[in-house]
Amino acid sequence: MVAEAALENSLNGWYFKMVQNAVKRFEITGTGLKTIAVVTMLIDHIAAGFLLYWLNQQTDVDVFNHYRTVYMVMRRIGRMAFPIYCYMLVEGFLHTSNLTKYVQRILTMAVVSELPFDLALRWKLIDWTHNNVMWELALGLLVLLAIHSVLYKTEDAIKDERLRRVLAAAIMLAGMGIGHLLQLDYSEGGIACISVMYFLYGVTKEQRLTSFGMGVLMLALMSGNIEVFAFIMLIPFFFYNGKRGRDSKFLRVFFYTFYPLHLIIIYIARLILL
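Encoded structure:
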C-alpha cells in the first residue's frame, strides 16, 4: 500500500509538472491578445457592415435564413474583441510612461474613426445616435485617471480609505451615466467593464483571470446577453503571461490605425460589391 501510494504521488507530481511545462511553453503575450482582438473585431464588423446589408436585400427566404445564421455566428465571435481592448487599456493606463500622450492618441483615434464608423456600420454619413468604440475607451481612460487620483493621490486630503473607495465608485457610476448619455458603442456597460477590470487588476494569473472575467460579467449584465460569448476569451487569458511581447513602431501604428482603416475598407467594399 505504501509503495502504491508513493507511485501514485510520483505520477501525480510528474503529471503536474508536465502540464505546468506545457503551459509555460504555450504562452500568449499582450501582442497576441491584441491580434486576437483585431481578428475577432474584423469578423464582427464584416458581419455588421457588409453581410447584414446584403441580407437586407435578399428575397429568397432559404438564402436569408442560412446566411442569417452565419451572420449571428460572426457577431458572437466579435464579442471577444472589446473586453480585450478594455483590459489592454487598463494595462496601458497603469504602465504607460506618458499618460498625456496616451490619452491624446485615444482621443485622436476616436475623432478620426467616427466618420468611417458611421459609413461602415451605421450605413449613413453622420449618425449621432451611436458613436464609435474609441470614444468609449477614451471616456474609460479618463474615468480611470479620476479613480486612480482619488484612490492614491488624495491620501493626505482624504485620510479615510473607505471614503476614497466610495468616491471612486461614484466616479465609475458618473462615467457610466456619461457613457449612456453620449450613446457610446457599449453605453454604460463598457465603462463598468473597464472600471471593474481596473479595480481587480493584478499581476498573477488568478488576478488576471478574475479581472477579465468580472469585467466581462459586468459587460454582459449591462450591454446584453450576447456579450457572454466573450467568456471564451478566458481560455487565451489563462495562457497570458503579462508581457508586452513583440513590439515595434510598425505594430504600434498598426494596432492604432487598424480600427478606422478596416472600417473604410468595409465601406468601400460594400459600395463596389453591393
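At position 178 of the sequence shown (counting the first as 1) the number is 166 in my numbering, and the numbers step up by one without a gap. Glycine is no exception: its CB is placed at the ideal position from the N, C-alpha and C atoms.
Through-space distance from residue j to residue i, alpha-carbon basis
i	j	result
TRP294	LEU262	The question about residue 294 has no answer here: the residues shown for the chain are numbered -11 through 262.
ALA25	VAL78	15 Å
ASP173	GLY163	14 Å
TRP33	GLU143	The sequence shown places His at residue 33, rather than the Trp named in the question. So the two alpha carbons sit approximately 44 Å from each other.
ARG93	VAL49	46 Å
ILE31	ALA69	10 Å
THR192	SER199	10 Å
ARG258	GLY37	8 Å
GLU176	SER101	20 Å
LEU82	VAL99	24 Å
HIS168	ALA180	11 Å
N- and C-terminal bounds of the alpha helix (DSSP H) containing residue i
i	result
ASN53	49 to 66
VAL99	87 to 105
PHE219	PHE219 -> no alpha helix (DSSP H), and no H or E assigned at all.
GLY37	No alpha helix (DSSP H) holds GLY37; DSSP gives it neither H nor E.
ARG152	149 to 169
GLY203	193 to 211
Buried versus exposed, by CB contacts within 10 Å (16 or more), residue i
i	result
TRP123	buried
ILE114	exposed
ALA158	exposed
GLU215	buried
THR28	buried
ALA282	Outside the shown range of the chain (-11 to 262) lies residue 282, about which nothing can therefore be said.
GLY165	exposed
For residue i, the three-state DSSP class (helix, strand or coil)
i	result
LEU259	helix
LEU127	helix
TYR75	helix
LEU132	helix
ASN119	strand
ILE254	helix
ILE16	strand
ILE228	This sequence places Tyr at residue 228; Ile is not what is there. Strand at TYR228.
LEU172	strand
ASP32	helix
GLY233	coil
LEU23	Here residue 23 is Thr; the residue named in the question, Leu, does not match the sequence. Three-state result, THR23: helix.
ILE179	helix
GLY80	helix
ALA247	Going by the sequence as given, residue 247 is Tyr instead of Ala. TYR247 falls in the helix class under three-state DSSP.
ALA145	coil
Stretch pair the region 112 to 127 + the region 148 to 162: three plus CB contacts closer than 8 Å: no
If contact is defined by three or more beta carbon pairs under 8 Å, each pair taking one atom from either stretch, is the region 204 to 213 in contact with the region 234 to 242? no
Using a Cβ distance threshold of 8 Å, determine whether the region 169 to 188 contacts the region 46 to 62, with at least three qualifying pairs required. no
Check whether the region 57 to 77 and the region 215 to 233 are in contact - that is, three or more C-beta pairs closer than 8 Å. yes
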